[in-house]
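Colleague: This is the structure I want to talk about, given as structure tokens.
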């Protein structure tokens, strides 16, 4: 059992924005088996588009906000496919790109594909922290990233509408 300390940002495109090129990317499909305010149980398929390697995981998260408990275990393709029919909410698909910010932080930049027909893509960036005290440093790093690549951002760490579990249940939040 491990604590996950994570800050989350809604990324907003500016004119001439850039999604930087990286070879550290994966395609993710995920669905939820159970969702409550304090707990979620998620299944995830992660595919490296460069190698074709696919891995499957079951994750349980407990808690809310900045610090939560997370347990992730590998599962097989068969279990992933069998449980798919027991899901609650929508299946989410996204591309995750990773960018190292410094020796202790990596920015995970997710492009969510539309849940509903009229939804645009949704861009969410996450930075996992080793310590809560690094939150200010994460804000400085996302600010540098956004200035360099012409994005705006809003810290949505405490906004439940931007949690993937709620997007699966309710769709993309309206801006």
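Residue numbers (the numbering used here): 12 to 186. Beta carbons: idealized from backbone N, C-alpha and C, even for Gly. These numbers come from a predicted model, not from an experiment.
Going by beta-carbon coordinates alone, are residue 73 and residue 176 separated by less than 9 Å?
Modeller: Going by C-beta atoms, residue 73 is not nearer than 9 Å to residue 176.
Colleague: Does the segment 125-135 come close enough to the segment 13-21 that 3 or more CB-CB pairs lie under 8 Å?
Modeller: yes
Colleague: Hey, quick one: how far does the alpha helix (DSSP H) through residue 30 stretch, first residue to last?
Modeller: Careful: residue 30 lies outside any alpha helix (DSSP H) and carries neither H nor E.
Colleague: Do you know how far the Cα of residue 47 is from the Cα of residue 35?
Modeller: 32 Å
Colleague: Quick check on the DSSP output: what are the complete beta strand (DSSP E) runs of length 3 or more inside the segment 81-123, in order along the chain?
Modeller: 99-111, 117-123
Colleague: Quick one: residues in its chain with C-beta nearer than 8 Å to the C-beta of residue 67, no 5 flanking neighbours on either side, listed in chain order?
Modeller: 54, 55, 56, 57, 85, 86, 87, 88, 90, 91
Colleague: On the three-state DSSP scale, how would you describe residue 77?
Modeller: Residue 77: coil per DSSP, three-state reduction.
Colleague: How close, in whole Å, do the beta carbons of residue 16 and residue 140 come, if the pair is a contact with beta carbons under 8 Å?
Modeller: 4 Å
Colleague: Buried or exposed: which applies to residue 121, given that a residue is buried once 16 or more other Cβ atoms fall within 10 Å of its Cβ?
Modeller: Buried is the call here.
Colleague: If you measure between the beta carbons of residue 78 and residue 170, is that distance less than 9 Å?
Modeller: no
Colleague: Using the Cα positions of residue 95 and residue 105, report the straight-line distance between them to the nearest angstrom.
Modeller: 17 Å
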